[in-house]
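Structure first, then comments.
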Amino acid sequence: MMTYLDQIDKLHPDLISAFLTSGHCDGIPVEIQLFLKQLQWAAEVYEYERNISRAAKQLQTRILAMQKLTIDVRTCKARIYAAISYFNIDNNVSIKVWENNYADKYEDLAKLAAVRGDYKTVGNCYQAALECRRRASEADQADRQWAPVFIITPNLTPEDLGYKKKSLKEIARKSNEGYYINLIESLPIEKEDKTRLLNDAGIIDVEPEEINEE
């Protein structure tokens, strides 16, 4: 049995283009028209919401409002994945998205196998889904470990990066009052490290000496 995407592939591109432009085309079956509109909306939603779960819920609401059809969230996720593939929206979709997509499909297969009483296939499908979820989790962790890239230009000021401008007089006053010496001395580090910090900061920490008066 051909899927909707298989049927769309057999349609002439001009028919699809005309339908997506005008919303009407007598040469396309009604159920395919509904599917195409859902793909179009999925692409529009995904353009502004790249989180698949949130995008699926937005698509679900839109389909209900526009087509009066109730579609579950998982089907809406499938519509978004199909739109990404069909419209080539983003060739750099992260691997975690596709791994979660495959995990969803394996879980669907497991449910079908359970209905038939094929519990061996159920176990295999859930094991495959688990592996997909694990790889998706690893990919997500890898994404989080990327360091941010800062592009610095001569026109960039410390204030642009969120730093507050300090008064030189205020800094000098604090230095004279021993503020920075006390701050460094209060750090839970070795004495040698404190001395190094004082030297690096250009602060002369003079040890008090007893003067013997004769």
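Residue numbering for the sequence shown follows my numbering, starting at 20 and increasing by one per position.
Note that CB positions come from ideal geometry on N, CA and C, so glycine has one too.
Cβ-based neighbour list, L39, same chain, cut-off 8 angstroms, excluding 5 preceding and 5 following: Excluding positions up to five away in sequence, the list reads L55, Q59.
Neighbourhood of Q86 by C-beta distance below 8 angstroms, restricted to the same chain and skipping five residues each side: L53, K56, Q57
Segment contact flag, the stretch 21–37 with the stretch 64–77, C-beta cutoff 8 angstroms, min 3 pairs: no
Nearest residue (CA-CA) to K124, options L34, C44, T94: T94
Buried or exposed (CB count within 10 angstroms, at least 16 for buried), A122: By the 10 Å Cβ count, A122 comes out buried.
C-beta contact flag for A158 and E118 at 8 angstroms: yes
Neighbour-count burial assignment, I47, 16 or more Cβ in a 10 Å radius: buried
Contact with chain C by Y121, beta-carbon distance below 8 angstroms: Any reference to chain C falls outside this structure, which holds one protein chain only.
P32 - containing alpha helix (DSSP H), residue span: 32–41
Proximal residues to A37 (C-beta, below 7 angstroms), its chain only, five neighbours per side dropped: Excluding sequence neighbours, A37 sits near C44.
K29 (DSSP reduced to helix, strand or coil): coil
Classification of D91 by the beta-carbon crowding that lies within 10 angstroms, buried from 16 upward: exposed
Option in K130, Q79, F106 with minimal Cα separation from V141: K130
Contiguous alpha helix (DSSP H) assignments of at least 4 residues, all confined to the stretch 99–158: Here the runs fully enclosed are 114–135.
Check whether L24 and A101 have beta carbons under 8 angstroms apart: yes
Backbone CA spacing between D212 and N218 [nearest angstrom]: 10 angstroms
Proximity below 8 angstroms, CB of E83 to CB of V64: Checking the displayed sequence, the identity of residue 83 turns out to be Leu instead of Glu. Taking 8 angstroms as the Cβ cut-off, L83 and V64 do not qualify as a contacting pair.
DSSP three-state assignment for D91, whether helix, strand or coil: coil
Own chain partners of E50 with C-beta closer than 8 angstroms, once the 5 adjacent residues on each side are dropped: Y23
Collapsed DSSP secondary structure at S205 in the structure displayed: S205: coil per DSSP, three-state reduction.
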